[in-house]
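Just so you know, the sequence shown maps onto residues 10 to 116 in the working numbering. Structure first, commentary second.
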Amino acid sequence: PYPQHDLFWRIASQGAMRRGRFKYVRDLRPRPVLGAWPRYPGEYHLLYDVTVDGREAAQIARHHPDIVAEMSQAWDVYDADLLTYPPNHPNLPRHASAGKPAVSQPD
């Protein structure tokens, strides 16, 4: 067996992390509810056990707040080392500013 390594990635306003059997997702956009966007701003945090739920259908963050907190903290450390999106970058969401976190709203 290979030693465990964390895998991180970021696309626009969304970041994700894989650690062992868990995948953690953080998005700075408000989360759509039944296809409608809420009227309040905020980010959301999701957790999946991808070893038993490869399609990520069962969101288990509320059952494992300790794992969410641990992975969120690891994501913060990783994200602090990432460069911000430069001006006119194609992945810069419409409502984001270069040099600031990429936060978008639906079109």
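Idealized CB from N, CA, C, for every residue including glycine.
Exercise. In the DSSP assignment, what residue or residues form a beta bridge with Q1?
Worked result: Any question about residue 1 goes unanswered here, given that the chain covers just 10 to 116.
For this session: With distances taken Cα to Cα, identify the nearest neighbour of M80 among L37, L55, D90.
Result: As a position in the sequence shown, residue 80 is number 71, starting the count at 1. Among L37, L55, D90, the Cα nearest to that of M80 is on L55.
Exercise. Taking Cβ to Cβ, would you say R27 is nearer than 8 angstroms to L16?
Worked result: Residue numbering aside, residue 27 sits at position 18 when the sequence shown is read from its first letter. Residue numbering aside, residue 16 sits at position 7 when the sequence shown is read from its first letter. Cβ distance < 8 angstroms, so R27 and L16 count as in contact.
Exercise. Does DSSP put R71 in a helix, a strand or coil?
Worked result: Taking the sequence shown and counting its residues from 1, one reaches residue 71 at position 62. Three-state result, R71: helix.
For this session: Go ahead and label R35 buried or exposed: buried means 16 or more other beta carbons lie within 10 angstroms of its beta carbon, across all protein chains shown.
Result: The residue labelled residue 35 in the question sits at position 26 within the sequence shown. Looking at its Cβ environment, which holds 16 or more other Cβ atoms inside 10 Å, R35 is buried.
For this session: Have a look at L37 and L92 and give me their C-alpha separation to the nearest angstrom.
Result: Here residue 37 is taken as the residue at index 28 of the sequence shown, counted from 1. Here residue 92 is taken as the residue at index 83 of the sequence shown, counted from 1. Whole-angstrom Cα-Cα distance: 17 angstroms.
Exercise. Across which residues does DSSP place L55 in a beta bridge pair?
Worked result: Here residue 55 refers to the residue found at position 46 when the sequence shown is read from its first residue. V34.
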